[in-house]
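> I have a structure here, written as structure tokens, and I will follow up with some questions on it.
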Amino acid sequence: MFKKLLALSAVTAVLFTGCSAGNTAGAVSQKPDKLSIVCTLFPEYDWTKELLGGQDDNIELTYLLNSGLELHTYQPNAQDMITISECDMFVYIGGESESWVDDALREVSNPNMKVIRLMDIIGNSVKEEEIKEGMEAEAEEEDADSEEETEYDEHVWLSVRNAGIICKALCDTLCELQPEQADTYRANLEAYTQKLDALDKDFADMADSASVKTVVFGDRFPFRYLVDDYGIDYYAAFVGCSAETEASFETITFLAEKLDELQLDTVFTIENADNSIANAIISSTENKNQQIAVLNSMQSVNADAIAGGASYLTIMQDNLQVLKEALN
Ligand SMILES: [Zn+2]
-4 MFKKLLALSA VTAVLFTGCS AGNTAGAVSQ KPDKLSIVCT LFPEYDWTKE LLGGQDDNIE
56 LTYLLNSGLE LHTYQPNAQD MITISECDMF VYIGGESESW VDDALREVSN PNMKVIRLMD
116 IIGNSVKEEE IKEGMEAEAE EEDADSEEET EYDEHVWLSV RNAGIICKAL CDTLCELQPE
176 QADTYRANLE AYTQKLDALD KDFADMADSA SVKTVVFGDR FPFRYLVDDY GIDYYAAFVG
236 CSAETEASFE TITFLAEKLD ELQLDTVFTI ENADNSIANA IISSTENKNQ QIAVLNSMQS
296 VNADAIAGGA SYLTIMQDNL QVLKEALN
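With the first letter of the sequence shown counted as 1, position 76 gets the number 71 in the numbering used here; the numbers rise by one all the way through.
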């Protein structure tokens, strides 16, 4: 009975493979000769697409958060696990929101898979998670006796400079996998790096000419890599990966007083925020007339946004405009 079940599930797995390979004319048990690349987060997917340029036909490029699920709540389904286990190149962040990846990589059936972990590529530039003055303390695990583990800030993609380093590593791996396309990939990297460099310069110019150099977030704060690049200070209700949704009176008051003290006219949130905390902060200020502005941290970019032309560059350019207006 048990044996039969096993055999059945093996057949199902093979059938699944047939589906994901996109009808390979009856050769169900054969691996498709298309190169399969799987990315967890939107920027990884968008950068890979840029580097591939016109080569998409020979490549199955999968973006796991396509449905718009948020990075911190996503868990792979059975089909995702199969796609990951068979792919040729797997790209992930490697932070606390992707703890499922370790299990997924144990199931790998392709022994030659190239695995790219963004936090390894950034290496020593990975920052420890910062608990900034005024932040809501996280509800920690009960066993306070256990050695406190250092938490690292996983939101490395929000530095345009990191993006350049990561794209180079992605390009190196693509060239290893498809040496015959290496010239094309390197040319694509070159062109894309120029765009990243221009964007980096625009951010630096914005910060140079800003009349205020502090942002206040009535939200969690994944943007430390971005603001650190340009010498912008910040205050926020929660750390970047926080699951908290309620801020205490102390936190609200602290952030409201910062707005008053620095005479800031903007409270920031991240994409998909309900603005209750931002509004509570605003009503606790003296003038109660600040605006709310949104910076997109790209943790839940969905297929519709991609079809509408969203890219790492367009989203970061939007973020630049928002900052330019708020800090002027
Ligand atoms: Zn996070």
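Each residue gets a CB set at the ideal place from its N, CA and C atoms; glycine is no exception.
Suppose only complete runs of 3+ residues qualify. What are the beta strand (DSSP E) ranges in the segment 237 to 315, listed by chain order?
As far as the segment 237 to 315 is concerned, its whole beta strand (DSSP E) runs of at least 3 residues are 261 to 265 and 286 to 290.
> When you compare only the Cα positions, how much space is there between Val103 and Leu308?
Cα to Cα, Val103 sits roughly 32 Å from Leu308.
> Beta-carbon separation of Ser92 and Asn297 under 8 Å?
In this structure, Asn297 does not lie closer than 8 Å to Ser92 by Cβ.
> Rounded to whole angstroms, what is the Cα-Cα separation between Cys236 and Phe216?
One C-alpha to the other measures close to 8 Å.
> Just tell me which of Ile160, Arg219, Leu315 and Tyr69 has its CA closest to the CA of Val96.
If we check each option's Cα against that of Val96, Tyr69 comes out closest.
> When burial is assigned at 16 or more other CB atoms within 10 Å of the CB, is Asn314 buried or exposed?
Buried: at least 16 other Cβ atoms inside 10 Å.
> Figure out for me which residue from Asp41, Ala321, Leu36 and Asp28 has the closest Cα to the Cα of Asn183.
Selected option, being the one with the closest Cα: Asp41.
> With DSSP as the reference, label Cys162 as helix, strand or coil.
DSSP places Cys162 in helix when its eight states are reduced to three.
> Let me know the secondary structure DSSP gives Ser94 once reduced to three states.
Reduced to three states, the DSSP call for Ser94 is coil.
> Following a CB-centred definition, is Gly235 positioned closer than 7 Å to any heavy atom of ligand 1?
True, at least one ligand heavy atom lies under 7 Å from that Cβ.
> Helix, strand or coil for Asp148 per DSSP?
DSSP places Asp148 in coil when its eight states are reduced to three.
> Between which two residues does the beta strand (DSSP E) carrying Asp214 extend?
That run of the beta strand (DSSP E) goes Thr209 to Phe216.
> Verify whether the separation of the beta carbon atoms of Glu266 and Ser295 is less than 8 Å.
Yes, Cβ-Cβ distance for Glu266 and Ser295 is below 8 Å.
> Which residues in the same chain as Thr168 place their Cβ atom closer than 8 Å to its Cβ, once the five residues preceding and following it in sequence are excluded?
So the qualifying residues of the chain are Met84, Lys109 and Ile111.
> Quick one: residues in its chain with C-beta nearer than 8 Å to the C-beta of Met114, no 5 flanking neighbours on either side, listed in chain order?
Result list for Met114: Ile88, Gly89, Gly90, Val121, Tyr147, Glu149 and Val151, in chain order.
> As a quick exercise: from His67, Lys127, Leu257 and Glu128, pick the residue whose alpha carbon is nearest that of Glu281.
If we check each option's Cα against that of Glu281, Leu257 comes out closest.
> Beta-carbon separation of Thr209 and Tyr229 under 8 Å?
Yes; because the gap between Cβ atoms is below 8 Å, this pair is in contact.
> Which first and last residues belong to the beta strand (DSSP E) in which Tyr229 is found?
That run of the beta strand (DSSP E) goes Asp228 to Val234.
> Could you round the C-beta distance between Phe263 and Leu221 to whole angstroms and report it? I think they count as a contact, below 8 Å.
Rounded, the Cβ-Cβ distance is 12 Å, inconsistent with contact.
> If you reduce the DSSP assignment to three classes, tell me which class Cys34 lands in.
Strand.
> For a test of your reading of the model: does the CB of Ser92 fall under 7 Å from any non-hydrogen atom of ligand 1? Yes or no.
Under cutoff, so the answer is yes.
> Which residues in the same chain as Leu47 place their Cβ atom closer than 8 Å to its Cβ, once the five residues preceding and following it in sequence are excluded?
The residues are Ile54, Leu56, Leu169, Tyr180 and Asn183.
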